[in-house]
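Reviewing the structure listed below.
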Amino acid sequence: MSSSCFIITALFLVSMFMKSNSQLDPRFYDSTCPNVFNIVQQVISQALQTDPRIGASLIRLHFHDCFVNGCDGSILLDNTDTIQSEKEALPNNNSARGYDVVDSIKSSLENACPGVVSCADILALAAEISVKLAGGPSWCVPLGRNDSRTANRTGANNNLPGPSENLTTLKSKFSAFNLSTTDLVALSGAHTFGRSQCRNFIDRLYNFSGTGIPDPTLNQSYLETLRQICPQNGNQSVLTNLDPTTPDVFDRNYFSNLQVNRGLLQSDQELFSSNDTEIIDLVNKFSSNQTAFFEIFIQSMIKMGNIPATGSDLEIRLDCKKVNRDSSSESNYVLVSSS
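In mature numbering (1 follows the signal peptide of the UniProt record, and there is no 0), the protein residues as written are -22 to -1, 1 to 317.
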């Protein structure tokens, strides 16, 4: 752990730990798996050589994990006779990705320190490392999460913010996890890198809210560009950049795009086109001051990553895709208390 990382986050971590999840600690693996950070970073760095999208995909996995039963690695579980995988929930199906990289990280960690690092912690570390490798800020990731032994597809369908949702709904979904309006704006800034499929915004181009016309908040030249990428009857799985200016760099340009009506998703542009003065002020602040954005983003990521797992039956999964044992198996497992 770098001293600069610790200085940036130390005071905030102290205040967060006093409120909840006091067991989380950036030094959690110092003695049991001291190379955890380097191992995770090495796998992600290698993946980035052939997949520039992977960083954004990994931070999205962490986000989608924490918004369902807390940060417990539940999004990584495959279907079984008793588990309905969150991977097949509407917000994740044919959309969430990066599972193979998580599996590679887990395999490397199991070779170095078997049965020690949870899958939920892998997602938290991967999110921070992905941001850093894209030119964004670095922070000390609180560690010590445990993995659930079940998934919640209904929760994934209901809790995860959608690309076409309005500001009222977005605020409500964030507030349900004690995340503030400031957290909503800062965490939305993660859309400064990554891609999205045409299906997530095509209604804005041709038939916004059933009106038969495009979204009036869309910049006209940007609208024409998007229509070329996503024709009305075309392949809706085609990808385009969430940030058309610096698509693979973690910077403030997401907010600058909103100011000129170049937010790709409705849920993005809502932050600037909804007449909410508090949110508009935050967008303007982050657009003009990248340091301010980075500082608040760090705090919001730590706060989101601190959402506790709601289950009582937790473990350190040996394979992120499946629980360690079921009623018919007595294979090795690492069961932990939720207390």
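Cβ atoms here follow ideal geometry from the backbone N, Cα and C, with glycine treated the same way.
Worksheet item: Beta carbon of S278, beta carbon of A164: below 8 Å?
Response: yes
Item to complete: Consult DSSP for L292 and reduce its assignment to one of helix, strand or coil.
Response: strand
Worksheet item: Given L162, which residues of its chain have a CB within under 7 Å of its CB, disregarding the five upstream and five downstream residues?
Response: Around L162: L148, K149 and F152.
Item to complete: Examine the Cβ distances between the segment 247 to 264 and the segment 279 to 287 and report whether three or more of them are shorter than 8 Å.
Response: Between the segment 247 to 264 and the segment 279 to 287, the count of Cβ pairs shorter than 8 Å is below three; the stretches do not touch.
Fill in: Ranges of the alpha helix (DSSP H) found wholly within the segment 200 to 248, counting only runs of at least 4
231 to 237
Practice prompt. Tell me whether R173 sits in a helix, a strand or coil according to DSSP, three-state version.
Written response: strand
Worksheet item: What's the call for L217, buried or exposed, on a 16-neighbour Cβ count within 10 Å?
Response: Per the 10 Å Cβ criterion, exposed.
Worksheet item: So does the segment 36 to 45 actually touch the segment 120 to 129, counting three or more Cβ pairs closer than 8 Å?
Response: no
Discussion item. Using the Cβ count rule (16 or more neighbours within 10 Å means buried), how would you classify T170?
Written reply: buried
Worksheet item: Among the residues of its own chain, which have a CB less than 8 Å from the CB of S108, if the five just before and after it don't count?
Response: I22, I32, G33, A34, L36 and I37
Worksheet item: Under the DSSP definition of a beta bridge, which residues are partnered with K300?
Response: D297
Worksheet item: Would you report the Cα separation of G289 and D221, rounded to the nearest angstrom?
Response: Roughly 37 Å separates the two Cα atoms.
Fill in: C-alpha distance - L(-10) paired with L103, whole-angstrom precision
Summary for L(-10): the model assigns pLDDT 46, below 50, so the residue's position carries little reliability; its value from the coordinates is reported in the next sentence. When rounded, the distance between both Cα atoms is 16 Å.
Item to complete: Would you tell me roughly how many angstroms separate the C-alpha atoms of D59 and P92, rounded to the nearest one?
Response: When rounded, the distance between both Cα atoms is 27 Å.
Discussion item. At the level of alpha carbons, what is the spacing between P30 and L243?
Written reply: 20 Å
Item to complete: In angstroms with no decimal places, state the Cα-to-Cα distance between Q214 and D193.
Response: 18 Å
Discussion item. Looking at H42: is its Cβ nearer than 8 Å to the Cβ of P4?
Written reply: no
Worksheet item: Can you name the start and end residues of the alpha helix (DSSP H) that L2 belongs to?
Response: Segment: none, L2 is in no alpha helix (DSSP H) and carries neither H nor E.
Practice prompt. Quick one: grab the DSSP three-state call for D125.
Written response: strand
Worksheet entry | With 16 other Cβ atoms within 10 Å as the buried cut-off, status of E293 | buried
Worksheet item: What's the call for D12, buried or exposed, on a 16-neighbour Cβ count within 10 Å?
Response: According to the sequence as given, residue 12 is Pro; it is not Asp. Exposed, by the Cβ-count rule.
Worksheet item: Does the beta-carbon of I53 have 16 or more other beta-carbons within 10 angstroms, so that it is buried, or is it exposed?
Response: buried
Discussion item. Here's a check: name, in chain order, each residue in its chain whose Cβ is nearer than 8 Å to the Cβ of K299, leaving out the five neighbours to either side.
Written reply: Here K299 has L54, L55, D56, Y77 and D81 as same chain residues with Cβ atoms under 8 Å from its own Cβ, once five neighbours each way along the sequence are excluded.
Discussion item. Among the candidates P209, F264, Q210 and I257, whose CA atom is the shortest distance from the CA of S234?
Written reply: F264
Worksheet item: If you count every other CB in all the chains shown that lies within 10 Å of the CB of G48, and 16 or more means buried, which is it?
Response: buried
Item to complete: Can you grab the Cα-Cα spacing for the pair L138 / E248, in whole Å?
Response: Looking at the two C-alpha atoms, the distance is approximately 17 Å.
Worksheet item: Which same chain residues, not among the five before or five after S142, have their C-beta less than 6 Å away from its C-beta?
Response: Q244
Discussion item. Given a cut-off of 8 Å on the beta-carbon distance, is the pair W117 and I276 in contact?
Written reply: yes
Worksheet item: Cα-Cα, which of I258, N262 and S63 is closest to R230?
Response: Taking only the C-alpha atoms, the option nearest R230 is N262.
Discussion item. Under DSSP, the alpha helix (DSSP H) around F155 begins and ends at which residues?
Written reply: Segment: none, F155 is in no alpha helix (DSSP H) and carries neither H nor E.
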